[in-house]
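Protein chains: 2
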Amino acid sequence: MSRYWSDIVHRLTPYVPGEQPKLDDLIKLNTNENPYGPSPRVLEALRAEANEGLRLYPDPNAERLKEAVAGYHGVDPAMVFVGNGSDEVLAHAFQALLKHRLPLLFPDITYSFYPVYCGLYGIAYETLPLGPGFEIDPGGYARPNGGIIFPNPNAPTGRLLPLRTIGRLLEENSASVVVVDEAYIDFGGESAIALVDRHPNLLVVQTLSKSRSLAGLRVGFAVGDRSLIEALERVKNSFNSYPLDRFAIAGACAAMADRDHFEQTRARIIHSRDELSRSLTGLGFEVIPSAANFLFARHPRWDAAELSRRLRERAIIVRHFRQPRVEQYLRITIGTDAQCAQLLSVLEELLEQAPATTG
Amino acid sequence: MSRYWSDIVHRLTPYVPGEQPKLDDLIKLNTNENPYGPSPRVLEALRAEANEGLRLYPDPNAERLKEAVAGYHGVDPAMVFVGNGSDEVLAHAFQALLKHRLPLLFPDITYSFYPVYCGLYGIAYETLPLGPGFEIDPGGYARPNGGIIFPNPNAPTGRLLPLRTIGRLLEENSASVVVVDEAYIDFGGESAIALVDRHPNLLVVQTLSKSRSLAGLRVGFAVGDRSLIEALERVKNSFNSYPLDRFAIAGACAAMADRDHFEQTRARIIHSRDELSRSLTGLGFEVIPSAANFLFARHPRWDAAELSRRLRERAIIVRHFRQPRVEQYLRITIGTDAQCAQLLSVLEELLEQAPATTG
Numbered sequence: 005m006s007r008y009w010s011d012i013v014h015r016l017t018p019y020v021p022g023e024q025p026k027l028d029d030l031i032k033l034n035t036n037e038n039p040y041g042p043s044p045r046v047l048e049a050l051r052a053e054a055n056e057g058l059r060l061y062p063d064p065n066a067e068r069l070k071e072a073v074a075g076y077h078g079v080d081p082a083m084v085f086v087g088n089g090s091d092e093v094l095a096h097a098f099q100a101l102l103k104h105r106l107p108l109l110f111p112d113i114t115y116s117f118y119p120v121y122c123g124l125y126g127i128a129y130e131t132l133p134l135g136p137g138f139e140i141d142p143g144g145y146a147r148p149n150g151g152i153i154f155p156n157p158n159a160p161t162g163r164l165l166p167l168r169t170i171g172r173l174l175e176e177n178s179a180s181v182v183v184v185d186e187a188y189i190d191f192g193g194e195s196a197i198a199l200v201d202r203h204p205n206l207l208v209v210q211t212l213s214k215s216r217s218l219a220g221l222r223v224g225f226a227v228g229d230r231s232l233i234e235a236l237e238r239v240k241n242s243f244n245s246y247p248l249d250r251f252a253i254a255g256a257c258a259a260m261a262d263r264d265h266f267e268q269t270r271a272r273i274i275h276s277r278d279e280l281s282r283s284l285t286g287l288g289f290e291v292i293p294s295a296a297n298f299l300f301a302r303h304p305r306w307d308a309a310e311l312s313r314r315l316r317e318r319a320i321i322v323r324h325f326r327q328p329r330v331e332q333y334l335r336i337t338i339g340t341d342a343q344c345a346q347l348l349s350v351l352e353e354l355l356e357q358a359p360a361t362t363g
Numbered sequence: 005m006s007r008y009w010s011d012i013v014h015r016l017t018p019y020v021p022g023e024q025p026k027l028d029d030l031i032k033l034n035t036n037e038n039p040y041g042p043s044p045r046v047l048e049a050l051r052a053e054a055n056e057g058l059r060l061y062p063d064p065n066a067e068r069l070k071e072a073v074a075g076y077h078g079v080d081p082a083m084v085f086v087g088n089g090s091d092e093v094l095a096h097a098f099q100a101l102l103k104h105r106l107p108l109l110f111p112d113i114t115y116s117f118y119p120v121y122c123g124l125y126g127i128a129y130e131t132l133p134l135g136p137g138f139e140i141d142p143g144g145y146a147r148p149n150g151g152i153i154f155p156n157p158n159a160p161t162g163r164l165l166p167l168r169t170i171g172r173l174l175e176e177n178s179a180s181v182v183v184v185d186e187a188y189i190d191f192g193g194e195s196a197i198a199l200v201d202r203h204p205n206l207l208v209v210q211t212l213s214k215s216r217s218l219a220g221l222r223v224g225f226a227v228g229d230r231s232l233i234e235a236l237e238r239v240k241n242s243f244n245s246y247p248l249d250r251f252a253i254a255g256a257c258a259a260m261a262d263r264d265h266f267e268q269t270r271a272r273i274i275h276s277r278d279e280l281s282r283s284l285t286g287l288g289f290e291v292i293p294s295a296a297n298f299l300f301a302r303h304p305r306w307d308a309a310e311l312s313r314r315l316r317e318r319a320i321i322v323r324h325f326r327q328p329r330v331e332q333y334l335r336i337t338i339g340t341d342a343q344c345a346q347l348l349s350v351l352e353e354l355l356e357q358a359p360a361t362t363g
């Protein structure tokens, strides 16, 4: 607290990202990173970027990257916005498109950055409860609102809303912007980018952090009607002209171009997820159906915080949220097959012990 | 214009960065980039970063970099904030520290991003006129205010305020935050970081874009009292957890460590600036005394826009601002000695012609 702070600072409750431990010998299944490295072509493009040209500013509009994303998704480059990770893209979307007189709507259990953005920009919001199986109830959103945002698949549950349901939600909500946050869509869903031509109020946000193995490079993008993109550009150009450095632009372009690496790694992750889901079910876990690169699961006889603590003692980190309704669940990122096997083996041992607390 | 836009978007007038032309054969003296490349050790560190580790998020707190900056400047790491270029650092400073009931004060001729930030965050401001020689009059700032910000040296004039004057200004203004934007300080001034221990309301902002030749990498930082840094962290962590990617962190650490390369290149630029200033004066230009890596100059017989146009026809780009009081000036970045010689040779030819318009 300080008299020098702007009023808003006193009221902020910042987002807390998943831990980035410095120990190399941990199995890190806590922040939904890709267990496989980026495409070798991406690494090559990045190495080539380490040259004298770094003395020059990057292209403030990152046009090459907009064209790469547009080409991949079959849209016009003017329908693409790029930013420093999908978090920055989302931040600009909250400020540029989701601040209105009526409240913004999002699920009660979802990406915990959404209420933080609302706090930062003074946006009124209401949360709508997920159903008993953690499914989003699209009917609940058919009421006056200043915007709607949800991840698809949802986080941290992994549950997917089919595209036709999103289409219906858009038809019933043409008066305000609907943001579909598709950080995990490549692991099992169909992108709502297919709907942007028909819905001028739809903004789809994606990231290269997960399915393109580039969490360390910070690149996200949004696809939507030109007018929505223009609003994002106005805010971005009033904030920071060059949020993407030369590495981010070059690496992201190469990542969008290497479809083979992308298809192979995501297929491996989807396969491992389905295997792990079966094995966890076999160990007595209740596993929420996931279309993402993580599973959300609880064990009826074990307190989740306690299980998380014991896994950590065995050098495995998963994510546990101290939040009503989900405090008995663990969010487990899909690792390599060896990491999944190690997780299962440790869990088998732990579950043979008497639980310290029941959930 | 769109009904989907938040109110603020309709009122924004975004910043327009200097042109980043795609032609390789231009002499680019328009965006104050360093004519020399970054340290070879920086390039080495960057190449080493192109590895599998990119699948993992960077350190959200960039602690290594905070320590590198703190070590260089002899302060505690808790007094350092880092961001995606000094533009992002400034944006967060405007939102976190400069929004108050009383107006923010800054010079009428200064970095043109300041009023843009005010527009983005709804900050009331007043501009104070520079003196007849474009000098900042520190006495004018001794009045009730919600904060003070100015670049030192000022942009686009290049004029420096000595440290003792800044000390006096701080003493007379202990009730609000003073931000000293030192993007160009390494080319001829003494950093106000020397004053942060005595003034809890002082925030000093620097960048690695200019004197460290890393405009393409996007790294800036702020140094100040822990409480000011905490405000910036709160806003940053409510906006984007990881604004610095793995390359930015690794490259910036290496840049802060290589003092020899830094000292050598800045000495060369200072020498070239002083030479160019003498030569331009010899050609009849009025050159404002500069402590930066650029000169601000006018020719009494030539319209600045016209001269800029003719230089461009000869493949030399300089910056011209269509703004009252300075519309007859050109801002010329210091290039290599060969580039400065080419500029002088072209100017000599042009000045022999009859000017199309008089200024």
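As given, the protein sequences belong to chains W and Y, one line each in that order.
Following our numbering, the numbering of the first sequence begins with 5 at its first residue and continues without gaps.
Following our numbering, the numbering of the second sequence begins with 5 at its first residue and continues without gaps.
Backbone N, C-alpha and C fix where the C-beta goes; we use that ideal spot for every residue, glycine too.
Give the straight-line distance between the Cα atoms of residue i and residue j, rounded to the nearest whole angstrom.
i, j, result
"Y/R147", "Y/Y40", "43 Å"
"W/R335", "Y/F191", "51 Å"
"Y/A100", "Y/A54", "34 Å"
"W/D341", "W/L347", "10 Å"
"Y/G151", "W/F325", "40 Å"
"Y/N65", "Y/Y246", "8 Å"
"Y/V86", "Y/Y121", "18 Å"
"Y/K103", "Y/F117", "16 Å"
"Y/A95", "Y/F225", "12 Å"
"W/L30", "W/I320", "6 Å"
"Y/D249", "Y/E356", "50 Å"
"W/N88", "W/N38", "18 Å"
"W/L311", "W/T285", "16 Å"
"Y/L106", "W/W9", "13 Å"
Under the three-state reduction of DSSP, which class applies to residue i: helix, strand or coil?
i, result
"W/Y3", "Absent from the structure is residue 3 of chain W, since the part of chain W shown begins at 5 and ends at 363."
"W/Q210", "strand"
"Y/G151", "strand"
"W/K366", "This structure cannot speak to residue 366 of chain W, because chain W is shown only from 5 to 363."
"W/E130", "strand"
"W/T337", "strand"
"W/P44", "helix"
"Y/P160", "coil"
"W/D11", "helix"
"Y/G224", "strand"
"Y/P62", "coil"
"Y/V322", "strand"
"W/R302", "strand"
"W/P111", "strand"
"W/G87", "strand"
"W/V200", "coil"
"Y/V184", "strand"
"W/Q343", "helix"
"Y/Y19", "coil"
"Y/V120", "helix"
"Y/G363", "Legend: pLDDT at Y/G363 = 44, less than 50; position of this residue unreliable, no value from coordinates given."
"Y/A82", "helix"
Apart from the five residues on each side of it in sequence, which residues of its chain come closer than 7 Å, Cβ to Cβ, to residue i?
i, result
"W/L16", "G123 and L124"
"Y/T362", "Confidence at Y/T362 is low in this model, with a pLDDT of 49, below 50, so its placement is unreliable and no value can be given for it."
Determine whether the Cβ of residue i lies closer than 7 Å to any Cβ atom of chain C.
i, result
"W/S43", "Absence of chain C from the displayed structure is noted, the protein chains being W and Y."
Please list, in chain order, all residues of the same chain as residue i whose beta carbon is under 6 Å from its beta carbon, the five residues on each side excluded.
i, result
"Y/L60", "none"
"W/L47", "none"
Run the proximity test for residue i: is its beta-carbon closer than 6 Å to any non-hydrogen atom belonging to the ligand COA?
i, result
"Y/C257", "Summarising the ligand content, the structure contains no ligands, and the ligand COA is consequently not present."
Report all residues from its chain with a CB closer than 8 Å to the CB of residue i; omit the five preceding and five following residues, and keep chain order.
i, result
"W/S180", "H104, L106, N149, G150, G151, I152 and N205"
- Query: Three or more beta-carbon pairs under 8 Å between the region 269-278 of chain Y and the region 287-304 of chain Y, yes or no?
  - Reply: yes
- For the region 214-228 of chain Y and the region 175-194 of chain Y, state whether three or more C-beta atom pairs, one from each stretch, are separated by less than 8 Å. yes
- Ranges of the alpha helix (DSSP H) found wholly within the region 237-295 of chain W, counting only runs of at least 4: 250-261 and 263-286
- Meets three-Cβ-pair contact criterion under 8 Å: the region 149-169 of chain Y and the region 66-82 of chain Y: no
- Item | Touch test, the region 23-34 of chain Y against the region 125-145 of chain Y, Cβ-Cβ under 8 Å, three pairs minimum | no
- Query: Between the region 279-292 of chain W and the region 172-183 of chain W, do three or more beta carbon pairs fall short of 8 Å?
  - Reply: no
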